[in-house]
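Numbering (my numbering), first residue to last: 147 to 333.
Everything on this sheet refers to the single structure shown next.
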Amino acid sequence: MSRTKIVLAGEGGQGVQSIAKILVEAGYEAGKQILYIPNFGVEQRGGVSVAFCQIADEKIGEPRFAKGDIIIMLSDRAIDRCTAYVDENSTVVYDTSVCTKKPEVKCKEIIGVDANRIANEQLSARVFNIIVLGVLLEATKVLELSDIKNAMEMALGKKFDAKPELRDLNYKALEMGMGLINTKVEA
């Protein structure tokens, strides 16, 4: 069975839960089995927000998992909180423009991306999470770009219709995020 276990973690306001919702919606629409468990702690007061997602070709037998295939860490506190989900088969992605430290873990690969800086300097801070979604899409290859775009239309379509420039901005952010995997800061 092909199953991808994903952990997304960041500070409240970074859009971790939005990324997860679009991801699992895309998986559902693509005919995959999906599972999403949001972890809402005190993120509204500045805590770490974590989303656990699974995307599979067959029925998912267990809602929780001990180790992730890919762990996205978007802050220093997310690194601290999510190190326990990493093992030697995991891929870890962290944002070098937000995190002041590199994850100290034994894993298959550590990928540093500059998502926050790129969002702020080249696009808009509001599309940081969509850049991260592009990174995740390219790193996992679990879904097609068209699946993600369809899910974005479902989630954001009304905003896109009201302001068509938002569609272009979000699609550009998605594609920039996908490109970051190929130009990673460090391995």
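In this text, a Cβ means the ideal position worked out from N, Cα and C, and glycines have one as well.
Report the partner residues of residue i according to the DSSP bridge assignment.
{"i": "isoleucine 277", "result": "None, per the DSSP bridge assignment."}
{"i": "methionine 219", "result": "Ala155 and Tyr240"}
{"i": "glycine 258", "result": "Tyr240"}
{"i": "proline 184", "result": "Ala197"}
{"i": "arginine 149", "result": "Ala202"}
{"i": "glutamine 179", "result": "Ala202"}
Which value, in whole angstroms, describes the spacing of the CA atoms of residue i and residue j?
{"i": "tyrosine 231", "j": "valine 238", "result": "10 Å"}
{"i": "threonine 242", "j": "leucine 220", "result": "9 Å"}
{"i": "arginine 227", "j": "aspartate 314", "result": "34 Å"}
{"i": "proline 343", "j": "glycine 258", "result": "The structure shown does not extend to residue 343, since the chain is modelled only from 147 to 333, so the question has no answer here."}
{"i": "leucine 291", "j": "leucine 302", "result": "16 Å"}
{"i": "leucine 154", "j": "valine 278", "result": "10 Å"}
{"i": "isoleucine 294", "j": "arginine 223", "result": "28 Å"}
{"i": "glycine 214", "j": "lysine 151", "result": "5 Å"}
{"i": "alanine 197", "j": "alanine 319", "result": "21 Å"}
{"i": "asparagine 316", "j": "glutamate 299", "result": "10 Å"}
{"i": "lysine 304", "j": "glutamate 234", "result": "42 Å"}
{"i": "methionine 322", "j": "arginine 263", "result": "12 Å"}
{"i": "isoleucine 165", "j": "phenylalanine 211", "result": "19 Å"}
{"i": "alanine 261", "j": "isoleucine 183", "result": "24 Å"}
{"i": "glutamate 175", "j": "valine 273", "result": "23 Å"}
{"i": "valine 281", "j": "isoleucine 201", "result": "16 Å"}
{"i": "isoleucine 284", "j": "glycine 158", "result": "Checking the sequence, you will find glutamate at residue 284 rather than isoleucine. Those two C-alpha atoms are separated by around 24 Å."}
{"i": "threonine 246", "j": "glycine 173", "result": "33 Å"}
{"i": "tyrosine 240", "j": "isoleucine 216", "result": "11 Å"}
List the endpoints of the continuous alpha helix (DSSP H) containing residue i.
{"i": "glutamate 175", "result": "162-175"}
{"i": "isoleucine 327", "result": "310-328"}
{"i": "glutamate 234", "result": "That residue, glutamate 234, is in no alpha helix (DSSP H); it is neither H nor E in DSSP."}
{"i": "alanine 202", "result": "No alpha helix (DSSP H) contains alanine 202, which is instead part of the beta strand (DSSP E) from 194-202."}
Looking at the structure shown, is residue i part of a helix, part of a strand, or coil, going by DSSP?
{"i": "leucine 154", "result": "strand"}
{"i": "glutamate 299", "result": "helix"}
{"i": "leucine 289", "result": "coil"}
{"i": "glutamate 250", "result": "coil"}
{"i": "lysine 304", "result": "helix"}
{"i": "leucine 269", "result": "coil"}
{"i": "cysteine 228", "result": "helix"}
{"i": "glutamate 332", "result": "Unreliable placement is indicated for glutamate 332, whose pLDDT of 46 sits below 50; the coordinate value is still reported in the next sentence. Three-state DSSP puts glutamate 332 in coil, outside helix and strand."}
Provide the residue span of the beta strand (DSSP E) that contains residue i, from first to last.
{"i": "isoleucine 206", "result": "Looking at the DSSP string, isoleucine 206 is not in any beta strand (DSSP E), and its letter there is neither H nor E."}
Three-pair Cβ contact test at 8 Å for the stretch 206-225 versus the stretch 177-184: At 8 Å Cβ cutoff, the stretches touch.
Does the pairing of the stretch 263-271 with the stretch 297-308 give three or more beta-carbon distances under 8 Å? Using a C-beta cut-off of 8 Å, the stretch 263-271 makes no contact with the stretch 297-308, since fewer than three inter-stretch Cβ pairs fall below that distance.
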